[in-house]
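K.L.:
Protein chains: 4
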Amino acid sequence: MNIPLPLILVNFKAYSQGTGANALKIAKGADLVFKETGVNIGVAPVATDIRMISESVDVPVFAQHVDPIEPGSHTGFLTVEAVKEAGAIGSLVNHSEHRLRLADIDVCINNLRKAGLVSVVCTNNEIVSSAAAALNPDFIAIEPPELIGTGIPVSKAKPEVVTGSLEAVHKVNRNVIVLCGAGITTGDDVYAALKLGAQGVLLASGVVKAKNPFDVLMSMAEAVIKVEE
Amino acid sequence: MNIPLPLILVNFKAYSQGTGANALKIAKGADLVFKETGVNIGVAPVATDIRMISESVDVPVFAQHVDPIEPGSHTGFLTVEAVKEAGAIGSLVNHSEHRLRLADIDVCINNLRKAGLVSVVCTNNEIVSSAAAALNPDFIAIEPPELIGTGIPVSKAKPEVVTGSLEAVHKVNRNVIVLCGAGITTGDDVYAALKLGAQGVLLASGVVKAKNPFDVLMSMAEAVIKVEE
Amino acid sequence: MNIPLPLILVNFKAYSQGTGANALKIAKGADLVFKETGVNIGVAPVATDIRMISESVDVPVFAQHVDPIEPGSHTGFLTVEAVKEAGAIGSLVNHSEHRLRLADIDVCINNLRKAGLVSVVCTNNEIVSSAAAALNPDFIAIEPPELIGTGIPVSKAKPEVVTGSLEAVHKVNRNVIVLCGAGITTGDDVYAALKLGAQGVLLASGVVKAKNPFDVLMSMAEAVIKVEE
Amino acid sequence: MNIPLPLILVNFKAYSQGTGANALKIAKGADLVFKETGVNIGVAPVATDIRMISESVDVPVFAQHVDPIEPGSHTGFLTVEAVKEAGAIGSLVNHSEHRLRLADIDVCINNLRKAGLVSVVCTNNEIVSSAAAALNPDFIAIEPPELIGTGIPVSKAKPEVVTGSLEAVHKVNRNVIVLCGAGITTGDDVYAALKLGAQGVLLASGVVKAKNPFDVLMSMAEAVIKVEE
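Line by line, the protein sequences are chains A, B, C and D.
Counting with our numbering, you get residues 1 to 229 for the letters of the first sequence.
Counting with our numbering, you get residues 230 to 458 for the letters of the second sequence.
Counting with our numbering, you get residues 459 to 687 for the letters of the third sequence.
Counting with our numbering, you get residues 688 to 916 for the letters of the fourth sequence.
#1: What do you get for C/ALA479, buried or exposed, if any count of 16 or more other CB atoms within 10 angstroms of its CB means buried?
#2: For B/ILE369, report the span of its beta strand (DSSP E) as first-last.
#3: Give the range of the beta strand (DSSP E) segment to which B/VAL295 is assigned.
#4: Contact criterion: CB-CB distance below 8 Å. Does A/SER130 meet it with respect to chain D?
#5: To which residues of the same chain is C/GLY622 closer than 6 Å at the C-beta, ignoring the five residues directly before and after it?
#6: Closer than 7 Å, Cβ to any Cβ of chain D: which residues of the segment 539-566 of chain C, in chain order?
#7: Taking the beta strand (DSSP E) that A/VAL107 belongs to, which residues open and close that run?
#8: At 3 residues or longer, what runs of the beta strand (DSSP E) sit wholly inside the segment 592-671 of chain C?
#9: Kindly identify the DSSP beta-bridge partner or partners of C/ASN469.
#10: Using a Cβ cut-off of 8 Å (strictly closer), state whether D/SER760 contacts chain C.
#11: Just the Cα atoms here: how many angstroms apart are C/ALA640 and C/GLY487?
#12: Taking 8 Å as the limit between beta carbons, can you name the residues of its chain near D/ALA775, skipping five residues before and five after?
#13: Is the CB-CB distance between C/GLY433 and D/TYR702 below 8 Å?
#14: Give a yes or no on whether the minimum CB-CB distance between C/ALA592 and chain B is below 8 Å.
#15: According to DSSP, is C/THR581 part of a helix, a strand, or is it coil?
#16: Which of the three DSSP states is assigned to C/VAL674 in this structure?
#17: Within 10 angstroms of its Cβ, does D/ILE912 collect 16 or more other Cβ (buried), or is it exposed?
#18: Closest Cβ-Cβ distance between C/THR467 and chain D: below 8 Å?
#19: Under 8 Å Cβ to Cβ from B/MET447, same chain only, skipping five residues before and after it: list those, please.
#20: Opposite A/SER91 in the DSSP bridges: which residues?
#21: Please list the terminal residues of the continuous alpha helix (DSSP H) segment that includes D/PHE721.
#22: When DSSP builds the beta bridges, which residues end up paired with D/GLY759?
#23: Closest to D/ALA910 by CA distance: which of D/HIS752, D/HIS857, D/ASP745, D/LEU881 is it?
#24: List the residues of chain A that B/MET447 touches, going by C-beta distances under 8 Å, in chain order.
#25: Quick one, which of B/ASP418, B/VAL336, B/VAL398, B/GLU326 has its alpha-carbon nearest B/PRO374's?
#26: May I ask you to report which of helix, strand or coil DSSP gives A/ALA86?
#27: Please work out which residues of its chain come closer than 6 Å, Cβ to Cβ, to C/LEU467, disregarding the five sequence neighbours upstream and downstream, and give them in chain order.
#28: Does any CB atom of chain B fall closer than 8 Å to the CB of A/LYS13?
#29: Would B/LYS387 be called buried (16 or more neighbouring beta carbons within 10 Å of its own) or exposed?
#30: Report the option in A/PRO4, A/ALA23, A/ILE148 whose CA atom is closest to the CA atom of A/PHE214.
#31: Does the distance from the C-beta atom of C/LEU536 to that of C/GLN657 stay below 8 Å?
#32: Would you give the residue range spanned by the alpha helix (DSSP H) that B/ILE279 belongs to?
#33: Examine chain B for any beta-carbon lying closer than 8 Å to the beta-carbon of A/LEU179, and answer yes or no.
#34: Identify whether A/VAL57 lies in helix, strand or coil by the three-state DSSP scheme.
#35: When you compare the CB of B/ILE371 with every CB in chain C, is at least one pair closer than 8 Å?
#36: Is D/SER892 buried or exposed, if buried means 16 or more other CB atoms sit within 10 Å of its CB?
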């Protein structure tokens with residue numbers, strides 16, 4: 001699975017503003033921004049919306065979580081197979097709101113890879129990022145939990161966490177793509193993140209709870225283009 | 230939400246045979262049996278399949294699980310709102326493969342009821358069934374865990390668990406509808422369960438992993454009709 | 459196991475002020491108050507302190523938690539056997555900071571009873587209290603979580619929760635002894651709780667983090683005596 | 688904290704044979720073997736036994752688990768402070784029977800180090816071992832879960848897991864001491880493990896459930912001496 005970079009990855013969480021019909025509207029906005037700018041935007045809706053959205057847009061759809069299980073007797077849990085069949089091309093793993101056991105992160109990364117899906121492992125600091133890198137995921141998204149949902153962008157408040165994590169990750173594993181997240185709400189924040197060396201951003205409320213998600217995504221896409229110029 | 234009884238409720242778990250296109254096929258079979266016999270059959274697919282199935286069939290669709298949360302910052306968790314918007318009319322709660330904390334069962338039942346959805350709380354013995362009854366769910370499905378997936382029907386192997394749980398539940402709360410489950414694979418098993426006083430059955434592999442799920446469901450529906458004659 | 463009532467039960471939590479040498483000091487203070495007043499005071503220290511304290515005082519020592527397991531391969535978990543051998547005469551179960559699955563509460567109550575130990579199941583509202591009562595524990599401690607640690611006593615802020623829970627519990631099971639907790643910090647709070655019908659209180663910071671735990675316990679014991687007069 | 692190597696670390700789990708008076712007897716046996724041979728033997732009893740044992744023997748006592756918390760309102764959880772005050776000089780972390788979330792392993796290692804205690808992080812395969820190494824614990828104990836409790840020694844059944852993990856760990860972090868575990872029951876198994884490059888072993892049932900734990904420990908200590916000759 002080849003994901004064009006930089007990537008703006010939007011986590012819809014369990015927000016009402018990002019569920020069902022609202023989710024579809026944001027995803028279509030992302031699709032439009034992608035088609036107008038060529039900047040890659042991923043969307044990560046709640047499990048029940050993955051199929052509807054993946055059938056309606058061309059941008060990549062991610063699951064927010066997969067469980068570290070094989071198909072079988074696991075009522076209410078989510079296999080990689082299920083999210084793949086619904087159209088997801090990857091999944092967040094170990095989000096700060098859904099932390100996993102170390103050995104289970106290894107299982108999720110492997111299950112995703114075997115199915116041809118990409119893994120985006122979320123981490124909270126440099127040392128945990130380097131541990132995650134040793135597990136060989138496709139992406140690591142470094143998100144200091146204390147900044148998530150604050151509107152204070154990690155790329156400005158803690159640039160040293162971004163650069164330190166980038167270095168720590170690549171010291172262990174050169175192949176991992178690093179996103180940064182937490183507090184990203186504007187094109188400027190995206191610009192700053194990419195300038196620090198991140199190959200994309202992971203964000204949520206900044207887009208999903210915005211008055212006009214399309215406008216926010218468009219300004220972020222323009223920031224990506226500005227970095228690339 | 231008024232669910233016609235008796236109810237045959239089929240849990241698709243995370244079986245490959247009950248995911249995606251396979252899930253849709255079983256659900257359509259259930260729909261056909263319902264339309265030919267009038268016997269009510271519920272289906273509980275994995276979260277990613279709820280919308281696709283609820284848009285394709287007239288039988289009631291249940292979630293296998295909802296998380297005890299309100300909409301908000303809960304990456305990878307499932308609100309009642311999300312499963313409702315996808316077309317579910319209720320949810321399993323506290324399945325033996327997905328046990329919940331006592332206080333969280335209370336939250337799930339309340340969240341489902343506030344949204345107009347029904348709760349089917351799974352329990353493992355008489356005393357736990359009576360505790361669950363005190364929480365005032367719509368349904369209780371008593372399933373001795375040691376029989377789940379064995380093909381040894383609870384209605385034959387442990388009829389006293391079914392009758393004892395029925396009594397225990399109704400002593401605490403007359404309004405709760407009692408299903409029984411574990412090991413149910415044939416029309417005979419369904420017949421025995423209803424004769425013991427259950428108002429339906431909860432089953433999984435007996436249908437989902439059957440060579441011909443439609444045939445199994447049809448024989449179960451015929452057993453329901455035979456009881457009612 | 460016969461526990462003289464009313465009972466003042468002090469949960470030491472994982473407070474530094476209630477760990478190790480500090481724990482021993484508070485427990486000895488409780489012992490002294492008991493010996494001077496005859497009012498029964500239980501102490502619930504952290505697992506590592508149970509033996510030291512039970513060997514040093516005559517008041518009953520409780521575990522703060524037991525795991526729903528039998529002796530065996532369970533690294534880092536706590537059997538009823540282990541806390542009993544260390545001198546505990548019972549255990550808290552399902553504290554609001556350590557909620558358990560419904561079926562596991564049933565297991566813990568049974569494991570404790572089989573070993574001759576008492577169970578004190580914590581609950582958060584009336585309906586959950588009545589569910590807990592159906593599981594037949596020795597004690598239920600009703601503690602609205604929003605008041606825990608606030609110093610706002612449940613017996614004053616939400617007297618209807620105490621009386622409502624008492625009624626709900628006894629409607630399901632006459633044998634259960636009801637304590638009330640959350641925000642209890644003074645003799646007055648204890649007096650109010652007992653006047654509402656509780657047979658004791660469960661508290662923590664009000665004693666453990668007090669400047670002088672002995673004085674607080676003495677004033678609480680005096681309140682118990684005042685109620686009994 | 689300087690731990691003489693090689694180390695034979697005995698996990699008492701929640702075995703009846705390793706709880707209370709039984710635990711004390713095994714620990715005293717370990718102490719005697721240590722005093723007769725000079726070979727370092729650590730014991731990891733259940734939390735309630737840590738203080739009693741650490742007051743009775745000179746060999747190092749480990750906790751089986753610590754929770755990733757600071758002192759405070761955490762009923763039924765175990766701080767590093769509590770196990771330290773009880774006499775533990777370190778703790779197992781992330782045992783296969785008590786897996787932790789990635790970020791929590793980081794917290795436990797840091798909390799232990801800040802308190803001057805050593806961390807022994809358990810892992811299940813090479814890649815997870817290298818991730819654990821990035822977290823900079825004092826020890827890593829590699830234990831393929833499928834061999835735990837089988838009596839089939841990892842050092843014989845899967846020598847490549849031991850050597851592969853040693854290499855993987857040291858590639859990421861030269862400072863980490865590597866133990867190996869799973870299926871270790873005889874002096875020969877210990878000999879083989881050390882010959883493969885491990886600096887000690889982690890074992891449980893092979894000693895705790897032995898007819899004569901002292902004899903087993905003595906033969907293991909002799910194997911250590913044989914390797915060192």
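Glycine residues also receive a C-beta, built at the ideal position from the N, C-alpha and C atoms.
P.N.:
Result, derived from the coordinates:
#1: exposed
#2: 368-371
#3: Premise fails: B/VAL295 is in no beta strand (DSSP E) and is neither H nor E.
#4: yes
#5: GLU584
#6: Listed in sequence order: GLU539, ALA540, VAL541, GLU543, ALA544, LEU550, HIS553, GLU555, HIS556.
#7: Not the beta strand (DSSP E): A/VAL107 falls in the alpha helix (DSSP H), residues 102-114.
#8: 597-600, 635-639, 658-661
#9: C/ALA502
#10: Yes, D/SER760 lies at the interface with chain C (some Cβ there is under 8 Å from its Cβ).
#11: Between the C-alpha atoms of C/ALA640 and C/GLY487 there is a straight-line separation of about 22 Å.
#12: ILE737, SER741, VAL748, PHE749, ALA750, LEU804
#13: This structure does not reach residue 433 of chain C, given that chain C is present from 459 up to 687, and the question cannot be answered.
#14: With 8 Å as the cut-off, C/ALA592 counts as an interface residue toward chain B.
#15: Here C/THR581 sits in strand by DSSP.
#16: helix
#17: exposed
#18: Checking the displayed sequence, the identity of residue 467 of chain C turns out to be Leu instead of Thr. It does not: the Cβ of C/LEU467 has no partner Cβ on chain D nearer than 8 Å.
#19: Spatial neighbours of B/MET447 in its own chain (CB-CB distance under 8 Å, excluding positions within 5 residues in sequence) are listed in chain order as VAL262, GLU265, THR266.
#20: A/ALA63, A/SER119
#21: 708-724
#22: C/ALA472
#23: D/LEU881
#24: Here the premise fails: no neighbours, minimum Cβ distance about 24 Å.
#25: B/GLU326
#26: Note: A/ALA86 maps to coil in three-state DSSP.
#27: GLY500, LEU660
#28: yes
#29: buried
#30: A/ALA23
#31: no
#32: 279-283
#33: no
#34: coil
#35: False, the Cβ-Cβ gap to chain C never drops below 8 Å.
#36: Within 10 angstroms of the beta-carbon of D/SER892 lie 16 or more other beta-carbons, which makes it buried.
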